[in-house]
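Inspection log for the structure reproduced underneath, given as structure tokens.
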């Protein structure tokens with residue numbers, strides 16, 4: 001089975017519990033398990049994503065802003081709130097697609113909770 005990568009977008013103070021619950025919901029909806037988390041590099045100082053990755057036993061990878069920007073055209077979801085807050089219309093989808101690399105596709109477009117977003121992507125067949 002191909003690897004599944006989770007892209008996470010979140011507010012700076014989003015708690016780990018919320019990220020874990022959202023990722024588990026995404027996995028249930030998609031019928032697969034994530035093997036790695038990607039977060040925007042501007043959230044590497046936020047405690048929630050790192051703590052969530054630790055609880056989930058998953059490696060976490062910061063995604064540079066340039067890579068997130070490059071993936072914007074492939075992201076089906078556009079969020080005005082995200083655009084105002086980060087300058088990016090899609091964070092979670094872009095992070096998931098950037099982790100997979102060229103030829104990747106979304107398994108699950110962005111889903112959201114109160115303070116976080118999550119999308120799942122996988123590589124080419």
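Residue numbers (the UniProt record's numbering): 1 to 125. Glycine included, each C-beta is placed from N, C-alpha and C at the ideal position.
Counting along the chain, the unbroken beta strand (DSSP E) around residue 110 starts and ends at 105-112. Residue 85 and residue 23 have their C-alpha atoms roughly 22 Å apart. Residue 73 and residue 94 have their C-alpha atoms spaced approximately 9 Å apart. Here residue 17 is exposed, its C-beta having fewer than 16 other C-beta atoms within 10 Å. By a beta-carbon distance limit of 8 Å, residue 116 does not contact residue 106. Their separation comes to about 17 Å. The Cβ-Cβ distance between residue 91 and residue 5 does not fall below 8 Å. The beta carbon of residue 71 lies closer than 6 Å to those of 94, 97, 98 in the same chain, with the five residues before and after it left out.
Burial is judged here by how many other beta carbons sit within 10 angstroms of a residue's own beta carbon; residue 49 has at least 16 and is buried. Annotation: the UniProt domain "CobE/GbiG C-terminal" (5-121) contains the following complete segments of the beta strand (DSSP E) (minimum length 3 residues), in chain order: 36-40, 60-63, 105-112.
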